Amino acid sequence: MKIRLLVIFLLFSQIYCTKDKDNTQELLTNAFIIDLVTSPFVRITPEPGTFTTQVDHGATPYTYTAIFDPKCSGTEGNVNFYFFRKTVVANNKKLLINFMGGGACWDNANCFGNNTVTYFNQLNTVPDFALDLLFKGVIDQSVTANPFKDYDIIFVPYCSGDLHIGSKDKTYTSGVIKHHGYDNVISVLKFVQNSYPQLDRVFVTGQSAGGYGAILNYPIIRETVTTIDSGAQVRMLSDASNAVVPTGAYTIGPAFFPLLESSWGVETNGIGSGTGFSSSNLPIWVNGVGANYTTGPSPSINDFFKKVATEYPGDVLGQYSALFDGNQRFFYHTMGQINKINNSTLTYSTAATSDPYQAGKSYSVIYGDSDGSSVPDGNSSSSNDYTTCDWSKQAVSKMKDAATKTNYRYYIGPGDIHTITTYNEMYSLNSGGVNFATWLNTLANGASPPASVQCNDSSGSCVNTNLFDSAINGNLGKATSDESYALDPKQDMYTTCGEAAGIGL
1 MKIRLLVIFL
11 LFSQIYCTKD
21 KDNTQELLTN
31 AFIIDLVTSP
41 FVRITPEPGT
51 FTTQVDHGAT
61 PYTYTAIFDP
71 KCSGTEGNVN
81 FYFFRKTVVA
91 NNKKLLINFM
101 GGGACWDNAN
111 CFGNNTVTYF
121 NQLNTVPDFA
131 LDLLFKGVID
141 QSVTANPFKD
151 YDIIFVPYCS
161 GDLHIGSKDK
171 TYTSGVIKHH
181 GYDNVISVLK
191 FVQNSYPQLD
201 RVFVTGQSAG
211 GYGAILNYPI
221 IRETVTTIDS
231 GAQVRMLSDA
241 SNAVVPTGAY
251 TIGPAFFPLL
261 ESSWGVETNG
271 IGSGTGFSSS
281 NLPIWVNGVG
291 ANYTTGPSPS
301 INDFFKKVAT
311 EYPGDVLGQY
321 SALFDGNQRF
331 FYHTMGQINK
341 INNSTLTYST
351 AATSDPYQAG
361 KSYSVIYGDS
371 DGSSVPDGNS
381 SSSNDYTTCD
391 WSKQAVSKMK
401 DAATKTNYRY
411 YIGPGDIHTI
421 TTYNEMYSLN
431 SGGVNFATWL
441 NTLANGASPP
451 ASVQCNDSSG
461 SCVNTNLFDS
471 AINGNLGKAT
481 SDESYALDPK
491 QDMYTTCGEA
501 AGIGL
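First residue of the sequence shown: 1, per the working numbering; consecutive thereafter.
Pasting the structure below:
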């Protein structure tokens, strides 16, 4: 196993650290070595086609149709879409659908350039068996405590930069990005229709961008599954996808959700159609999700969660987040920076800057470190300023607001690690005295949903575990930031953000 991990590490190092030179022969040589290792997952490459299913919500049931063209963004190493399936037993009636994460891009400032690309764009350079090595957690069926150890698995890679919901070839200043995430999802559902004549239990999840894919596509997945088998139980968890984003009330540029339409073609360029609507990738049949939802008065993932929970009161919907999720804080800050660039108050740059606390590490001079450590702290009374404390306060508030729906649950974990369900650390993670894997098992398979969970005391339980492997976290022994670490004495983020009362726990 150590040899396999070394080989995959070397390959990834070449992919991500030597993009500017021609290393094709090296990659091919290593790919040959890696291909000697087998994987329990089978690659499936879908063709363009037509998908139909029944939608039984609303006044009149109707046939939903989508003409799909699956593909990746089109940049080098990221052209062809495919997904993976692992079969546990023949004729399995249990299915886990997992959406891979990998950032997003919606603007020339973060779809292109050295140090400024903010989505995973190398699907075709990664060997298939890397899936079995690099993704664990809910995917690792060798773990006895895995709630999905007897489920078939469909793993949906991410290569479109659009949260698995776009269907548009978008022309930016520096080139064209094919945002076809929704086409890819529909191609997967077409396969599910053809491969699973009976389904008893389906669980939908995803990490980061995949967590958005899980909730945004949950209604069409649910309708597809229940068309196959009306008695099937369908549930979901969105992992580290809280969508704390700039809004029109305070941003100096366009609010984020309208960009889903203008950059990714979610509505007017969509591929879905049914009675009373056409050209939308959103579930128009869900009450309150109208034809112009993304440009309406209050679009948000939080609002979408509540509307979907209301539409499917018998289902169970969940969200997970670490209280100081570093990558989500990074993207919150990045959105603000892009708004400033587009309003000429910040000059775009592809330059990198050195990490002040970690030798040999550098990151985008305008976006900062993807672990969130360079994001300004703010404080518990700051609001709408793209800071760490603002992000945490809003994330907690939004989850608690969604929890007014009786079939929605949240789990707020400690620390700053981004996502949990594809790491085996999920089996040892605890928050508020509750083990995450146990909680997830109840969410997925229990007769009734578990209680919501949060780290909620001031003795360190919110910051002393589940930490990014960074110099500042390691030295302090708690989740911290560049600003908090520079204080005298050094300070953790829980203290900086006002402890429980300041964050809203």
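Beta carbons: idealized from backbone N, C-alpha and C, even for Gly.
Source: prediction; values computed, not measured.
For residue i, tell me which candidate among the options has the shortest Cα-Cα distance.
i: residue 194; options: 219, 44 and 160; result: 44
i: residue 506; options: 336, 365, 504 and 361; result: Residue 506 lies beyond the stretch modelled for the chain, which goes from 1 to 505, so this question has no answer here.
i: residue 246; options: 346, 436, 390 and 164; result: 390
i: residue 183; options: 371, 67 and 53; result: 67
i: residue 201; options: 185, 231 and 371; result: 231
i: residue 218; options: 367, 52 and 286; result: 286
i: residue 249; options: 299, 374 and 267; result: 299
i: residue 220; options: 243, 187, 241 and 244; result: 187
i: residue 170; options: 213, 264, 164 and 127; result: 264
i: residue 452; options: 433, 360 and 341; result: 433
i: residue 316; options: 109, 280, 122 and 409; result: 409
i: residue 388; options: 359, 326, 121 and 423; result: 326
i: residue 279; options: 341, 330, 165 and 226; result: 165
i: residue 310; options: 267, 175, 289 and 138; result: 289
i: residue 567; options: 175, 126, 167 and 461; result: The structure shown does not extend to residue 567, since the chain is modelled only from 1 through 505, so no value can be given for it.
i: residue 133; options: 424, 488, 428 and 318; result: 424
i: residue 229; options: 428, 55 and 60; result: 55
i: residue 461; options: 471, 499, 399 and 152; result: 499
i: residue 324; options: 417, 146 and 145; result: 417
i: residue 86; options: 131, 223 and 144; result: 131
i: residue 225; options: 291, 196 and 443; result: 196
Since residue i is in the beta strand (DSSP E), which residue starts that stretch and which ends it?
i: residue 322; result: 316 to 322
i: residue 263; result: No beta strand (DSSP E) holds residue 263; DSSP gives it neither H nor E.
i: residue 170; result: 168 to 172
i: residue 233; result: 233 to 239
Is it buried or exposed for residue i, if we count other Cβ within 10 angstroms and need 16 for buried?
i: residue 252; result: exposed
i: residue 506; result: Residue 506 falls outside the range modelled here, since the chain spans only 1 to 505, and no answer is possible.
i: residue 312; result: buried
i: residue 31; result: Reliability of the predicted coordinates at residue 31 is poor, the pLDDT of 47 falling under 50, and the value obtained from them is presented with this limitation in mind. Residue 31 is exposed by the Cβ-count criterion.
i: residue 211; result: buried
i: residue 142; result: exposed
i: residue 198; result: exposed
i: residue 480; result: buried
i: residue 36; result: The predicted position of residue 36 is uncertain, since its pLDDT is 46 and thus under 50; a value taken from the coordinates is nonetheless stated next. The residue is exposed, with fewer than 16 neighbouring Cβ atoms inside 10 Å.
i: residue 297; result: exposed
i: residue 47; result: exposed
i: residue 255; result: buried
i: residue 181; result: buried
i: residue 488; result: exposed
i: residue 457; result: exposed
Does any CB atom of chain B fall closer than 8 Å to the CB of residue i?
i: residue 291; result: The structure shown contains no chain B; it is built from a single protein chain.
How far does the alpha helix (DSSP H) with residue i in it extend, from its first residue to its last?
i: residue 107; result: Taken as a continuous stretch (DSSP letters only), residue 107 belongs to no alpha helix (DSSP H), as it is neither H nor E.
i: residue 474; result: 471 to 476
i: residue 131; result: 130 to 134
i: residue 81; result: No alpha helix (DSSP H) contains residue 81, which DSSP labels as neither H nor E.
i: residue 388; result: 388 to 402
i: residue 308; result: 301 to 311
i: residue 336; result: 326 to 342
i: residue 436; result: 436 to 445
How many angstroms separate the CA atom of residue i from the CA atom of residue j?
i: residue 449; j: residue 437; result: 14 Å
i: residue 376; j: residue 190; result: 45 Å
i: residue 148; j: residue 505; result: 31 Å
i: residue 414; j: residue 314; result: 30 Å
i: residue 490; j: residue 473; result: 11 Å
i: residue 322; j: residue 305; result: 19 Å
i: residue 495; j: residue 355; result: 23 Å
i: residue 233; j: residue 154; result: 17 Å
i: residue 351; j: residue 115; result: 7 Å
i: residue 420; j: residue 372; result: 17 Å
i: residue 378; j: residue 370; result: 18 Å
i: residue 301; j: residue 332; result: 14 Å
i: residue 185; j: residue 140; result: 23 Å
i: residue 91; j: residue 42; result: 16 Å
i: residue 466; j: residue 485; result: 18 Å
i: residue 374; j: residue 60; result: 52 Å
i: residue 427; j: residue 445; result: 16 Å
i: residue 215; j: residue 118; result: 21 Å
Would you be able to state if there are at least three C-beta pairs under 8 Å between the segment 232 to 239 and the segment 194 to 210? yes
Is the segment 267 to 275 touching the segment 55 to 67 in the sense that three or more CB pairs, one from each, lie closer than 8 Å? yes
Contact the segment 391 to 405 vs the segment 102 to 121: 3+ CB pairs below 8 Å: No, the segment 391 to 405 does not touch the segment 102 to 121.
Determine contact between the segment 89 to 100 and the segment 41 to 58, defined as no fewer than three beta-carbon pairs at a distance below 8 Å. no
Three or more beta-carbon pairs under 8 Å between the segment 360 to 374 and the segment 333 to 341, yes or no? yes
Can at least three beta-carbon pairs, one atom from the segment 76 to 91 and one from the segment 152 to 170, be found at a separation below 8 Å? yes
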